[in-house]
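Numbering (my numbering), first residue to last: 6 to 257.
Even glycine gets a Cβ: it sits at the ideal position worked out from N, Cα and C.
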Amino acid sequence: MPDDIYRHDREKEKARRMFDSSEARKAFENVLDHDTLMALIKLQERDVLDRIYGVIESGKESVVFLADTVEGERVAVKIYMYRAGGFREMEDYLRGDKRFRNVKSDRRSIIHEWCKKEYKNLKKASRILNCPTPVAFQKNVIVMEFIGEEFSPYPKLKDVEIENPEEGLQQVLNDISDLWHDEKLVHGDLSEYNILVEKDRLVWIDFAQGVHTTHPEAQNFLERDIRNVVNFFNDQGADADPEKALKQVLES
Ligand SMILES: Nc1ncnc2c1ncn2[C@@H]1O[C@H](COP(=O)(O)OP(=O)(O)OP(=O)(O)O)[C@@H](O)[C@H]1O
Ligand SMILES: [Mg+2]
């Protein structure tokens, strides 16, 4: 037993040293359990992660940290918390997707597959639209390109002024369509909260809910994504019909 405690402390210290400031360490101590520390250490040993700066944002299921890779590339590190609820819902998204049909039912396995799903979805999506390039995943941690400048993420679509809502909507509908037809994927949680704005580029994030188009709910997710973006851009002055937009996507 004393050995275990000693190892735990040493590991904790090793992980602590990855954090750049006392503020970042405090954030990490509040949210990270021992297994997450191990995943971060593993990512350091794999020569992926170097320094972790602090929290970009924390949500109900995950915390996103800003970090640098060993190569000096700025990245976002999204950590899914084991203790968070909602993993039964994750299971439904996973089981209906032929890529993840055989996931085990325990909380940890589901969260690991969830993280892998976000990685795989980003890999597919990054071939055809603007989204973070995935760098690595390890258990409940995914590392991806940081969409921002210096230490600040680009703003969310919901927080920016839209100059040309018709054009913005068409751009998003084209991307939805390319993702559906060319990569057989639907985002599943698309809205003005999960699109960042980099000058005139729209960059989609938060891909864990994305499913293969053969998922039994895929078409419903597609309709919901389209409804969300049409409603948003209509509020900004566009004049689109969600039914027509769906037709346009499916028939393009
Ligand atoms: N790659 C990234 N680059 C820059 N900022 C990011 C990146 N990924 C996430 N963020 C920031 O962190 C916030 C939360 O990330 P994200 O939307 O992926 O998680 P979430 O909404 O908390 O998801 P979940 O519901 O899965 O917990 C984003 O709104 C964005 O501000
Ligand atoms: Mg989000």
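Let's test the definition: count the other Cβ atoms within 10 Å of the Cβ of Lys163 and tell me whether it reaches 16, buried, or not, exposed. exposed
List the endpoints of the continuous beta strand (DSSP E) containing Leu184. It is not in any beta strand (DSSP E) - Leu184 instead sits in the alpha helix (DSSP H) that spans Pro170 to Glu188.
For Glu155 and Tyr58, what's the separation of their Cα atoms in angstroms? 11 Å
6 Å Cβ shell around Met6 - same chain, five flanking residues per side excluded: Any reading at Met6 must be qualified, since the residue scores a pLDDT of 42, below 50, and its modelled position is unreliable; the value itself is stated next. The answer is none, since no qualifying residue turns up.
From the DSSP secondary-structure annotation, give me the bridge partner or partners of Ser67. Tyr85
Through-space distance from Leu42 to Ala185, alpha-carbon basis: Note that residue 185 is Trp in the sequence shown, not Ala. Trp185 and Leu42: Cα-Cα distance of roughly 36 Å.
Is any heavy atom of ligand 2 found at a distance shorter than 8 Å from the C-beta of Asn199? Within the cutoff, so yes.
Near Leu251, which residues of its chain fall below 8 Å by C-beta distance, leaving aside the five closest residues on each side in sequence? Leu227, Glu228 and Ile231
Could you tell me whether any Cβ in chain C is nearer than 9 Å to the Cβ of Glu18? Of the protein chains in this structure there is only one, and it is not chain C.
Here's the rule: buried if 16 or more other CB atoms are within 10 angstroms of the residue's CB, otherwise exposed. What is Pro5? Missing from the structure shown is residue 5; the chain here goes from 6 to 257 and no further.
Where Arg132 falls: helix, strand or coil (DSSP): coil
Which listed residue (Lys144, Phe151 and Arg56) has its alpha carbon closest to that of Thr138: Phe151
What is the DSSP secondary structure of Thr74, counted as helix, strand or coil? strand
CB Phe92 to CB Arg112, shorter than 9 Å? yes
Taking Val146 and Leu48 to be in contact with their CB atoms under 8 Å, please state how far apart those CB atoms are, rounded to whole angstroms. 7 Å
Within 10 angstroms of the Cβ of Glu172, are there 16 or more other Cβ atoms? Answer buried if so, exposed if not. exposed
When you compare the CB positions of Lys83 and Met23, do they come within less than 9 Å of one another, or not? Annotated as distal: Lys83 and Met23, with beta-carbon spacing of 9 Å or more.
Extent of the continuous beta strand (DSSP E) run through Ile46: Segment His39 to Glu50 is the alpha helix (DSSP H) holding Ile46; no beta strand (DSSP E) there.
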